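Enquirer:
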Amino acid sequence: MTIAVKFGGTSLADAAQFRKVAAIIKADANRRAVVVSAPGKRHKQDPKVTDILLSIHEMVARDMDPGPSLLLLRGRYLEIERELGVDAGIAGRLDAFEKAVRAGAERDFIASRGEHFSALVMAAYLGGTFVEAEGAVFLTSNGLIDERTWKELPPRLPAKGFYVLPGFYGTGPLGKVKTFSRGGSDISGAILARAAGASLYENWTDVAGLLMTDPRVVPDAAPMERVTYRELRELAYSGANVFHAEAILPCKQVGIPIRIANTNDPAAPGTLIVPENQAADRPIAGVAGRSGFCLLQIEKTLMNKERGFGRRVLGILETKGISYELSPSGIDSMCVVMEQKSFEPVEDVVLQEIRNACDPDSIDVERNLALIATVGHGMSRRVGVSSRLFTALANAGVNVRIIDQGASELSIIVGVDAADLGKGLRAIYDAFVRS
Ligand code: ASP
16 MTIAVKFGGT
26 SLADAAQFRK
36 VAAIIKADAN
46 RRAVVVSAPG
56 KRHKQDPKVT
66 DILLSIHEMV
76 ARDMDPGPSL
86 LLLRGRYLEI
96 ERELGVDAGI
106 AGRLDAFEKA
116 VRAGAERDFI
126 ASRGEHFSAL
136 VMAAYLGGTF
146 VEAEGAVFLT
156 SNGLIDERTW
166 KELPPRLPAK
176 GFYVLPGFYG
186 TGPLGKVKTF
196 SRGGSDISGA
206 ILARAAGASL
216 YENWTDVAGL
226 LMTDPRVVPD
236 AAPMERVTYR
246 ELRELAYSGA
256 NVFHAEAILP
266 CKQVGIPIRI
276 ANTNDPAAPG
286 TLIVPENQAA
296 DRPIAGVAGR
306 SGFCLLQIEK
316 TLMNKERGFG
326 RRVLGILETK
336 GISYELSPSG
346 IDSMCVVMEQ
356 KSFEPVEDVV
366 LQEIRNACDP
376 DSIDVERNLA
386 LIATVGHGMS
396 RRVGVSSRLF
406 TALANAGVNV
416 RIIDQGASEL
426 SIIVGVDAAD
436 LGKGLRAIYD
446 AFVRS
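Here the sequence shown is numbered in the numbering used here, starting from 16 and rising by one per residue.
(1) Within the chosen definition, does the segment 413-430 reach the segment 342-351 through at least 3 CB pairs nearer than 8 Å?
(2) Of all the CB atoms in chain D, is at least one closer than 9 Å to the CB of L69?
(3) Is G24 near the ligand ASP - that is, is its Cβ less than 8 Å away from at least one heavy atom of it?
(4) At which residue ranges does the segment 216-267 contain complete alpha helix (DSSP H) runs of 4 or more residues, listed in the order of the chain?
(5) Use the C-beta contact count for A38: other C-beta atoms within 10 angstroms, 16 or more gives buried, fewer gives exposed.
(6) Under 6 Å Cβ to Cβ from V429, same chain only, skipping five residues before and after it: list those, please.
(7) Name the one or two DSSP bridge partners that L287 has.
(8) DSSP three-state label for N383, please.
(9) What are the boundary residues of the alpha helix (DSSP H) that K35 is part of?
(10) Could you tell me whether any non-hydrogen atom of the ligand ASP is closer than 8 Å to the CB of S70?
(11) What does DSSP give as the partner residues of F153 in its beta bridges?
(12) Please check the pair Y216 and I271, which I expect to be a contact at CB under 8 Å, by giving their CB distance rounded to whole angstroms.
(13) My output table needs one value for D110: the three-state DSSP class, helix, strand or coil.
(14) Can you list the beta strand (DSSP E) stretches of 3 or more residues lying completely in the segment 300-371, in chain order?
(15) Excluding five sequence neighbours on each side, which residues of the same chain lie with their C-beta closer than 7 Å to the C-beta of E130?
(16) Along the chain, where does the alpha helix (DSSP H) containing L87 start, and where does it finish?
(17) What residues in its chain sit with their C-beta under 7 Å from that of I18, if we drop five residues either side in the sequence?
(18) Specify, as a first and last residue, the run of the alpha helix (DSSP H) that S401 falls within.
(19) How should A385 be labelled, buried or exposed, when 16 other C-beta atoms within 10 angstroms of its C-beta is the threshold for buried?
(20) Are the segment 272-283 and the segment 318-331 touching, with three or more C-beta to C-beta distances below 8 Å?
(21) For a test of your reading of the model: does the CB of E424 fall under 8 Å from any non-hydrogen atom of the ligand ASP? Yes or no.
(22) What's the C-alpha gap between P198 and F124?
(23) Closest by CA to R167, which one among A251, E147, E94?
(24) So if DSSP puts F145 in a beta bridge, which residue, or which two residues, is it bridged to?
(25) Ends of the beta strand (DSSP E) at V50?
(26) Okay, do the segment 65-77 and the segment 133-150 touch, 3+ Cβ pairs below 8 Å being the bar?
(27) Taking 9 Å as the threshold (C-beta atoms), are E249 and A303 in contact?
(28) Which residues bound the alpha helix (DSSP H) around D66?
(29) Taking all protein chains shown into account, do 16 or more other C-beta atoms lie within 10 angstroms of the C-beta of K356, making it buried, or fewer, making it exposed?
(30) To the nearest angstrom, how far is it from the Cα of S344 to the Cα of A76?
(31) Please tell me whether, using a cut-off of 8 Å, the distance from the CB of A53 to the nearest non-hydrogen atom of the ligand ZN is below it.
(32) Examine the ligand ASP and report whether any of its heavy atoms sits within less than 8 Å of the Cβ of F405.
(33) Quick check on DSSP: helix, strand or coil for K21?
(34) By the three-class DSSP mapping on this structure, what secondary structure does S200 have?
(35) Indicate, with yes or no, if the ligand ASP has a heavy atom lying under 8 Å from the CB of E381.
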């Protein structure tokens with residue numbers, strides 16, 4: 016049995032954190048497959064290594080001297096190496112890196128070195144094998160996982176001992192180093208879990224787990240003990256992104272559960288992300304919300320008899336590159352909710368094209384909408400969940416503009432005025448969690 020473990024930047028910020036990480040790995044003989052991020056912040060004002068690297072690239076691109084940032088980088092790694100008492104050959108590798116930078120190395124290559132050096136140091140400290148991500152993990156041109164990974168990575172994993180794969184990067188379609196989006200080491204962790212045939216993917220970070228709601232709104236929000244892959248997707252409206260959404264897929268495909276755990280409190284249970292059939296018996300998993308949406312409302316008498324109306328509206332949005340969130344509709348009205356900042360630049364042309372193609376009676380845009388998603392598999396077996404939800408909103412004085420519940424009964428999404436987002440989230444959380 017193998018457990019794949021991934022450690023985030025704050026878990027590797029300095030030598031003391033590296034020691035904690037090694038102790039966690041060694042505490043369970045199944046923890047052999049390791050993914051590491053680049054060192055993160057040691058304190059609030061400290062820069063993350065990835066940000067130092069990105070600024071190095073930026074400076075070279077603008078013909079500025081990256082010297083001071085290169086020194087900062089060197090200081091971070093050499094201190095970790097020295098304090099751990101290992102020799103991973105970082106000094107020489109940094110010399111070569113500096114040369115590459117000054118010779119105009121590409122952005123993704125530069126950004127990826129944080130994880131690269133971290134993994135070399137961790138492999139040396141654990142007395143394990145460094146597994147290079149380049150040529151083993153493959154990315155598509157739009158930064159997603161390329162299927163070649165499943166063929167190339169597994170044969171490179173040693174049968175015995177610890178092994179460490181750097182997170183965040185792999186090889187792109189042009190054969191060069193390419194990075195995932197920010198926070199992408201979570202994806203690398205999921206990739207290694209699947210490639211190693213792991214029974215569990217542990218994602219070690221600096222929080223108690225995934226919280227049931229946004230802690231900026233409910234400061235004492237409780238961690239979720241158990242949440243399913245699909246519930247977590249529905250909670251993607253959440254502002255607090257502790258875990259990269261794209262990291263769920265590789266584990267979901269083969270049913271590997273994911274545990275979010277805290278490096279600074281390893282005994283705490285954290286959050287377990289599980290397949291659908293293992294949902295816990297509770298009405299809601301969590302409630303998430305985000306503002307920044309707008310609503311396009313189109314009215315036309317006898318719309319329900321007209322074929323192709325919806326297709327034409329959505330087709331126009333598609334050609335303008337707009338994806339939509341929801342489309343709750345009535346007999347003579349159609350409403351489309353979209354991200355306001357992507358819609359506004361094309362608003363005038365979209366409205367004109369809809370007028371030409373659909374000849375509506377009226378068309379309006381309402382701005383500054385927030386969406387609140389109340390999520391839980393438990394809803395589908397319970398009477399009264401929505402009544403509890405809407406009573407809570409009514410008692411808090413929150414007006415509901417739109418309502419959407421899919422047939423799966425996995426979530427109820429309400430649209431409210433952006434100014435009511437905090438009040439609404441708090442009211443729903445209190446109604447389900449505190450009562
Ligand atoms: N180091 C990268 C970042 O800061 C990737 C990661 O930590 O997951 O985004």
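In this text, a Cβ means the ideal position worked out from N, Cα and C, and glycines have one as well. All of these numbers come straight from a predicted model, not from anything done at the bench.
Expert: Result, derived from the coordinates:
(1) yes
(2) You won't find chain D in this structure, because it holds only one protein chain.
(3) yes
(4) 244-249
(5) exposed
(6) I387, V415, I418
(7) R241, R274
(8) strand
(9) 30-41
(10) no
(11) T186
(12) 5 Å
(13) helix
(14) 301-314, 339-341, 348-354
(15) V51, S52, A53, P181, G182, F183, Y184, S200
(16) 82-99
(17) D43, N45, R46, A213, S214, L215, E217
(18) 400-410
(19) buried
(20) no
(21) no
(22) Pro is not the amino acid found at residue 198; the sequence shown has Gly there. In a straight line, the C-alpha of G198 is about 16 Å away from that of F124.
(23) Sequence inspection shows Glu at residue 167; the Arg mentioned does not correspond to that position. It is E147.
(24) V179
(25) 46-51
(26) no
(27) yes
(28) 64-76
(29) exposed
(30) 50 Å
(31) This structure lacks the ligand ZN; the ligands present are the ligand ASP.
(32) no
(33) strand
(34) helix
(35) no
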